[in-house]
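Student:
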Amino acid sequence: MLYVLCLPRFAAAYADRIDAFRHRHEPARATLVPPHLTLVFGAAMACRPALETALAALAATEPAFDLTLGDPHTHLDDGRREYAFYLRALDGRGPLTRLHAALHDGPGLPTRRPDTPFDPHLTLTGAPEAEPVTAAAAAFAADAWPLPVRGHVDAVEIVQLLEGRLDRLTRIPLAGSIPLAEKGATGEACPQDVRS
Numbered sequence: 060m061l062y063v064l065c066l067p068r069f070a071a072a073y074a075d076r077i078d079a080f081r082h083r084h085e086p087a088r089a090t091l092v093p094p095h096l097t098l099v100f101g102a103a104m105a106c107r108p109a110l111e112t113a114l115a116a117l118a119a120t121e122p123a124f125d126l127t128l129g130d131p132h133t134h135l136d137d138g139r140r141e142y143a144f145y146l147r148a149l150d151g152r153g154p155l156t157r158l159h160a161a162l163h164d165g166p167g168l169p170t171r172r173p174d175t176p177f178d179p180h181l182t183l184t185g186a187p188e189a190e191p192v193t194a195a196a197a198a199f200a201a202d203a204w205p206l207p208v209r210g211h212v213d214a215v216e217i218v219q220l221l222e223g224r225l226d227r228l229t230r231i232p233l234a235g236s237i238p239l240a241e242k243g244a245t246g247e248a249c250p251q252d253v254r255s
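Numbering (the working numbering), first residue to last: 60 to 255.
1) Counting only runs of 3+ residues fully inside the region 185-234, write out the beta strand (DSSP E) ranges in chain order.
2) Quick check: what's the CA-CA separation for Leu118 versus Leu66?
3) With 16 as the cutoff for other CB atoms within 10 Å, does Pro166 come out buried or exposed?
4) For Arg147, which residues does DSSP report across the bridge?
5) Take His84 and list the residues in its own chain whose beta-carbon comes closer than 6 Å to its own, dropping the five residues that flank it on each side.
6) Considering Cα atoms alone, identify which of Thr133, Leu149, Leu220 is closest to Pro191.
7) Please classify Leu158: does DSSP put it in a helix, a strand, or coil?
8) Would a C-beta distance cut-off of 7 Å place Ala102 and Pro169 closer than the cut-off?
9) With DSSP run on the structure shown, which of helix, strand or coil describes Ala102?
10) Nearest to Leu206 by alpha carbon, out of Leu61, Ala72, Arg68, Ala160?
11) According to DSSP, Tyr73 sits in a beta bridge with which residue or residues?
12) Alpha carbon to alpha carbon, how far is Val99 from Ala160? Give it in angstroms, no decimals.
13) Apart from the five residues on each side of it in sequence, which residues of its chain come closer than 7 Å, Cβ to Cβ, to Glu91?
14) What first and last residue would you give for the alpha helix (DSSP H) that runs through Leu91?
15) With a 10 Å radius around its C-beta and 16 neighbouring C-beta atoms as the bar for buried, classify Ala143 as buried or exposed.
16) Terminal residues of the continuous beta strand (DSSP E) containing Leu61?
17) Measuring CA to CA, which of His95, Glu111, Pro187 is closest to Asp136?
18) Tell me the residue span of the alpha helix (DSSP H) that contains Glu111.
19) Rounded C-beta distance between Ala123 and Asp213? I'm assuming under 8 Å.
20) Nearest to Gln219 by CA position, among Phe80, Leu110, Arg76, Arg140, is which residue?
21) Compute the distance between the beta-carbons of Val215 and Ile231, then report whether it is under 7 Å.
Pasting the structure below:
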C-alpha cells in the first residue's frame, strides 16, 4: 500500500520530545515511521504515477510552510476501528488541505473516504482499544507539554508499506525548498526527488 506523508522538520527540543513520547506509547509504529501527517492513506500501487504527477504539479507553486500543532485530541476512527491521540494542525492547515485535495478524486488517484472529513494532524499514538490511548493522553497532560509545537514542511513523500517495512519511494520538494543534495542530506533521504 502507498501513503503520502508530510514529514515535518522540528527543532531538536520538539523532535526529541515527540520521539520519546511515541516510542514510550507506541514503539512499533514509532520505529517504523517518523513523526508525520498523512495526506493519502493506503492507496494501491497503481496510483503512484498519478500521485507523483499531481504532487509535482502542485508542489511547483505551493511554497514550503511553517506548521503549528496543538489542540490535543482523542478520536475513534470507525472505518479503521482504531483509537488515536493526536495534535491537530493549527497553522499550516491551508497548504495541507490543498495538498490533500490535489491527491484525491482525480484520474488514477485514490478517492476520499466520504465518512471522514480531512483533519490534518500528527498522531502520537493509536491502538484498537481505548485504554492505552486515554492513558497516553493523560500522560501527555501530566507532562505539561509546551504547546504549540512548531515545525516546517518543505517536501511531501510517497512511501510504501509492505510486509512490515516502510520504503520511502519519492520525495517531492515544495516551491522554494532547498534540494536535499544542497543540504548535505544523508542516506535517510528518499532516493528520488521529483519536480515538474
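Glycine included, each C-beta is placed from N, C-alpha and C at the ideal position.
These figures come from a predicted structure and were not determined experimentally.
Tutor: To lay it out plainly:
1) 208-212, 214-221, 224-232
2) For clarity, residue 118 is Ala in the given sequence; the question names Leu instead. Answer to the nearest angstrom: the Cα atoms are 15 Å apart.
3) exposed
4) Gly129, His180
5) Thr184, Ala195
6) Thr133
7) helix
8) yes
9) strand
10) Ala72
11) DSSP output for Tyr73 lists no bridge partner at all.
12) 10 Å
13) Residue 91 is actually Leu in this sequence, not Glu. Within the same chain, Leu91 has close Cβ partners Leu225.
14) 86-91
15) buried
16) 61-65
17) Pro187
18) 107-118
19) 4 Å
20) Leu110
21) yes
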